[in-house]
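Inspection log for the structure reproduced underneath, given as structure tokens.
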Amino acid sequence: MPRVTYISDDGKETALDVPVGTSVMQAAILNSVDGIVAECGGSCMCATCHVFVREDQLPLCPEMEVGEDAMLDGTAVPRRPNSRLSCQLVMSPRMDGLVVTMPETQT
Ligand code: FES
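Structure representation (structure tokens):
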């Protein structure tokens, strides 16, 4: 099962085995990882599941769609080139070892 490491803004690391087909956001919520709120439950409507993906791993992630790109303009902490919405990061085998960092706040 692919593994994801979540790093909170204060440096706390949590590693989870995330089933293929489950989003990085869903796994975080199910395992009570702090730093991801996900108010809309994964509908790409809230931008409170904002994460920063390790730069070299961006090509491994699903391509960003227009709706996600638009939502990222409304995140609490301004977007960076490696910003993604974790509800749109649905795990695939090639994403094994993914590292995401959560912003200081989501709201
Ligand atoms: S959970 Fe709302 S945009 Fe990701």
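The opening residue of the sequence shown carries number 41 in our numbering; numbering runs sequentially from there.
Every residue gets a Cβ at the ideal spot worked out from N, C-alpha and C, and that includes glycine.
With respect to 6 Å, is the separation between the Cβ of Gly-107 and the closest non-hydrogen atom of the ligand FES below this value? Between the ligand FES and Gly-107, a heavy atom-to-CB distance of less than 6 Å is absent.
What span of residues does the beta strand (DSSP E) with Val-64 cover, start to end? Unbroken run through Val-64 is the alpha helix (DSSP H), 64 to 70; no beta strand (DSSP E).
Same chain, Cβ closer than 8 Å to Val-60, neighbours up to 5 away in sequence not counted: The answer, listed in chain order, is Met-41, Pro-42, Met-131, Ser-132 and Pro-133.
Consult DSSP for Glu-53 and reduce its assignment to one of helix, strand or coil. It is a strand residue.
Residue closest to Leu-100, alpha-carbon to alpha-carbon, out of Gly-137, Ile-47 and Tyr-46: When each option's Cα is compared against that of Leu-100, the closest is Gly-137.
Quick check: what's the CA-CA separation for Val-139 versus Thr-147? Spanning the two alpha carbons is a distance of roughly 22 Å.
So what does Leu-125 bridge to, in DSSP terms? His-90, per the DSSP bridge assignment.
Output needed for Val-73: all residues of its chain with C-beta closer than 7 Å, excluding positions within five of it in sequence on either side, in chain order. Only residues of its own chain outside the window of five on either side were considered, and among them Tyr-46 and Thr-54 have a CB closer than 7 Å to the CB of Val-73, listed in chain order.
Please state the DSSP three-state secondary structure of Arg-43. In the structure shown, Arg-43 adopts extended strand secondary structure according to DSSP, grouped into three states.
Would you mind sorting Arg-124 into buried or exposed? The rule is 16 or more other CB atoms within 10 Å of its CB. Under the 10 Å beta carbon count, Arg-124 is surrounded by 16 or more other beta carbons and is classified as buried.
Verify whether the separation of the beta carbon atoms of Val-58 and Ala-67 is less than 7 Å. Contact: yes.
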